[in-house]
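Just below is one structure, and these are the notes that go with it.
Residue numbers (the UniProt record's numbering): 1 to 129.
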């Protein structure tokens with residue numbers, strides 16, 4: 001089972017971060033490396049990153065340089081055979097990584113994409129990439 005590096009750029013998302021990280025830590029696919037890149041958050045997000053105790057989590061703190069640079073910093077640290085990005089104000093289904101990995105292997109593909117839902121307090125929109 002190959003390691004998958006999950007990169008999460010973090011910037012001022014203390015309201016959403018616990019749910020995001022929890023949805024990654026509880027994945028049914030176990031061989032994960034979770035890289036949280038604190039991009040100079042001004043709220044409590046950076047401290048929250050340091051507080052996660054799962055041994056698969058690595059944290060990078062850097063001066064604010066934007067989403068692209070935060071992702072690149074995560075890529076530089078990644079050791080997985082595959083890389084996945086999850087935005088820090090999002091959460092993923094608990095079997096998402098396992099399903100994507102399974103589809104990658106079956107199709108002998110190098111990349112995979114999936115749909116997403118945009119959830120609001122009064123409705124949900126579905127999208128397919």
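The C-beta atom is built at its ideal place from N, Cα and C for all residues, glycine as well. Everything numeric in this text was worked out from a predicted model, so none of it was measured.
Considering only their Cβ atoms, is the gap separating residue j from residue i smaller than 9 Å?
i	j	result
residue 58	residue 36	yes
residue 10	residue 17	yes
residue 82	residue 4	yes
residue 38	residue 67	no
residue 60	residue 77	yes
residue 8	residue 87	yes
From the DSSP output, read off the bridge partner residues of residue i.
i	result
residue 29	Beta-bridge pairing links residue 29 to no other residue.
Residue i and residue j look like a contact to me (Cβ under 8 Å); what is the Cβ gap, rounded to whole Å?
i	j	result
residue 93	residue 13	About 20 Å; that fails the 8 Å criterion.
residue 25	residue 54	5 Å
Pick out the complete beta strand (DSSP E) segments inside the UniProt domain "Glycosyltransferase 2-like" (5-124), 3 residues or longer, and give them in chain order.
-> Positions of the beta strand (DSSP E) runs, each at least 3 residues long and wholly inside the UniProt domain "Glycosyltransferase 2-like" (5-124), are given as 32-39, 57-62, 82-85, 116-119 in order along the chain.
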